[in-house]
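To keep things clear, I will list the structure first and then write my remarks on it.
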Amino acid sequence: MAKYLVIVESPTKVKTIKKFLGANYEVTASNGHVRDLPKSQLGIDVEHGYEPKYITIRGKGDILAALRKEAKKADKVYLATDPDREGEAISWHLSKALKLDDSKMYRITFNEITKTAVKESLKHAREIDMDLVDAQQARRMLDRMVGYMISPLLWAKVKRGLSAGRVQSVALRIIGDREEEINAFIPEEYWTLDADFTVPGEKKPLKAKFYGTEKEKIQIRSKEELDKILKGLEGVSYQVADVKKGERTKKAPLPFTTSTLQQEASKVLNFSTQKTMRVAQQLYEGIDIKGNGTVGLITYLRTDSTRISEEADKAAREYIDKTYGKEYVSGTVQEKKSGKKIQDAHEAIRPSDIERTPISLKDSLSRDQYRLYQLIWKRFTASRMENARYETTSVKIGAGEYRFTVAASKLAFDGFMAVYVQESDEPESGNVMMKGLDKSTQLALKEFDSKQHFTQPPAHYTEAALVKTLEELGIGRPSTYAPTITTIINRRYVAKENKNLYMTELGEVVNNMMKQAFPSIVDVNFTANVESLLDKVEEGVVTWKTVISNFYPDLEEAVNIAQEELEKVKIEDEVTDVICEECGRNMVIKYGPHGRFLACPGFPDCRNTKPYLEKIGVACPKCGKDVVIRKTKKGRRYYGCEDNPECDFMSWQKPSKEKCPDCGGIMLEKGNKLVCADEHCGHVESKK
């Protein structure tokens, strides 16, 4: 009997796939990558055509020996690694490491780990796609060049084991640019004016918002403007000027891509991008379901396509028809509109079988697995359902020369919302449908409600918002979002607090260095262009060596220039007037993973260290002692009193020596402006 060997990446898949195939199939795992560039050197022969020098990864010798033994016994070897560039590259590395004969080696891919998909893949076995492999080799080599050539410079500059990365450096810059925007933001005052009206025959008052005049909308920017409007409203009569009834639809959502799954899981389940990918990987590789054995529950989790196979689409529509009724089945399917190329090899992320409802699997899944599977199942089901429809009523109320407006909507048909409700789809609050109102209705004013507001700065990035931005800018690919964010947090360039990402002092040093010495590496457009070049390699339009040979000389030149310039600005230990209480020397400022600290220069004889509290030359407005730069536990910078915890003064913005000329309060530095810390004072002036 012929003997076949199937090699997958993960041991979890072995168990799942083994039960789908006959006794003449042996299934085994490579445990991920088996070859890579060496850790001890660049590993790229730049003198001879940029050939990569691959070596066996340490610890993989025994696995490869066992795989060689199995491969020798087999008549055919099927390489069944993941269905993407990286998976294709792992298959190619396996073929080289195992010295497989082309005549008995086949590449198979499946988008979901189900019996049908696995058996079907064996019928469509093919050769290794070298365009995909070359695109992955190019990415790996570009990342290696940036990491190994720039990181030593950061080491020399900041004196610790820091590192740079091609995509992580751009992500860090995006966060840094947002921080600068927030710090320079100056709030602007505005007012809202609401009115409660009594409607004839109704107990509940009608709440309306001030709109403006009949011809234009008016923004109320000050108390003076508000008072002028209120004066104009004295003694006027209120009458319904216009009633419009209409209908609006809320479109059914698209099924998940990697990016949208990470965003939604962050918002709804409070998962980090890393956790989302870890749990999704478990659902893809297979879960032991009571009565069914190990089953792959979702399709492949790294994709930027919203396409769905015909079979899955048909099954979903039949399920919706049977469960919810014919009127809930979508007549058309939304498609993702994008100018950018989408890797359409995969489907969107969906359940491998829609009949496996979340509730039926609840006893077999962990809490996190259940919640993520439920999110994927509901989103996919909703994507095949009709849009939701609302009945809307919009009323304009005449008040002399001014107008107030009130709008209400009522769900007429829930459509996809019968299954899937996003935060933004929550039932709309506000006025109930306004019955019996027409143009002749006279209203009586009950009371006005005016409120002062201030415009808010742009929000700090969350992991979800950063993933969305990276995708929109064409930076990175589905497989890179989670590792990129994890890296900048682990390196302490960025601190994560209450979902928000903040730049640490260490992050600022690295970001400023990268912008100064390697502007193209941290340039958003340049990085997006590299991604599109990698896509062209995958399509076979551009050769991978061309991409590398164009990139390396420019990088080498920038590194050489930076080496000279960075030597001129090399940070020396800054001597302070703080005396070491253990040996009497003047302590010096050193850099650590958490930023700066005070250390005794007598190391290793004297190992005394203490926190470095840098004074900013401003007196604390509460107690008069010095304001110093402090850090939260996660490394985010703030300004506080040196006498903390006795004095609780703190500010995220840097306080100024200048006092507010209007109220005498503390002023804060925001970009090139000074702003009064008291929003209600609102004094702003340029820095002197």
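The sequence shown maps to residues 1 to 688 in full-length UniProt numbering. The C-beta atom is built at its ideal place from N, Cα and C for all residues, glycine as well.
Closest in alpha carbon position to GLY235, among GLU658, ALA444 and ILE55, is ALA444. In the structure shown, GLN369 adopts helical secondary structure according to DSSP, grouped into three states. One Cα belongs to ILE579, the other to PHE518, and the distance between them is close to 39 Å.
Contact check between the region 235-250 and the region 388-406: three or more CB pairs, one atom from each, fall below 8 Å, which counts as touching. Where PHE526 is concerned, the enclosing alpha helix (DSSP H) starts and stops at 524-538. In the three-state reduction of the DSSP assignment, PHE404 falls in the strand class.
In the DSSP annotation of this structure, GLU642 is not part of any alpha helix (DSSP H), being labelled neither H nor E. Here LEU226 has TRP191, LEU193, ILE220 and SER450 as same chain residues with Cβ atoms under 7 Å from its own Cβ, once five neighbours each way along the sequence are excluded. Secondary structure at ARG139: helix, using DSSP grouped into helix, strand and coil. In this structure, the alpha-carbon of ASP84 lies about 11 Å from that of ASP304. Partner residues in the beta bridge of ASN500, as assigned by DSSP, are THR462 and GLU497.
Pairwise C-beta distances place the region 174-187 out of contact with the region 144-156, as fewer than three of them are shorter than 8 Å. Here THR81 is actually not in contact with LYS209; their C-beta atoms are around 58 Å apart, not less than 8 Å.
In the structure shown, LYS634 adopts coil according to DSSP, grouped into three states. Assignment of TRP652 by DSSP, reduced to helix, strand and coil, places it in the coil class. Residue range 442-454 is occupied by the beta strand (DSSP E) that includes HIS453. THR527 and ALA465 have their C-alpha atoms spaced approximately 19 Å apart.
Between ARG384 and ARG317 a beta carbon distance of about 6 Å is seen, short of the 8 Å cut, so the two are scored as contacting. Unbroken alpha helix (DSSP H) runs of no fewer than 4 residues, entirely contained in the region 10-92, are found at 11-18 and 61-73, following chain order. With distances taken between CA atoms, GLU310 lies nearest to ARG350 out of ASN490, ARG350 and VAL618.
For ASP227, the enclosing alpha helix (DSSP H) has its first and last residue at 223-232. The region 71-78 and the region 46-53 do not touch, with fewer than 3 CB-CB distances between them shorter than 8 Å.
According to the DSSP assignment, GLN239 belongs to no alpha helix (DSSP H) but to the beta strand (DSSP E) extending over 238-250. Membership of TYR319 in the alpha helix (DSSP H) is indicated by the continuous run 310-324.
Closest option to VAL199, judged by alpha-carbon separation, among LYS439, TYR54, TYR319 and ALA348: LYS439.
With respect to the C-alpha of LEU375, the residue from PRO358, LEU365 and VAL522 having the closest C-alpha is PRO358. Counting only residues of its own chain and dropping the five nearest sequence neighbours on each side, TYR373 has a CB closer than 8 Å to the CB of LEU283, LEU297, ILE298, PRO351, PRO358, LEU361 and LEU365. Under the DSSP definition of a beta bridge, LEU5 partners with GLU26 and VAL77. The Cβ-Cβ distance between GLU386 and TYR319 does not fall below 7 Å. Only residues of its own chain outside the window of five on either side were considered, and among them SER259 and GLN263 have a CB closer than 8 Å to the CB of LYS468, listed in chain order.
In the structure shown, GLU679 falls within a coil segment according to DSSP collapsed to helix, strand and coil. Contact between LEU98 and LEU142 is absent: CB atoms are separated by about 27 Å, not below the 8 Å threshold.
Nearest to ASP129 by alpha-carbon distance, out of LYS123, TYR106 and ARG140, is TYR106. 7 Å or more divides the Cβ of CYS660 from the Cβ of PHE649.
Non-local C-beta neighbours of ALA482 in its own chain, meaning closer than 6 Å and more than five positions away in sequence, comprise THR273, GLN274 and MET277, ordered along the chain. Contact between GLU531 and LEU132 is absent: CB atoms are separated by about 15 Å, not below the 8 Å threshold.
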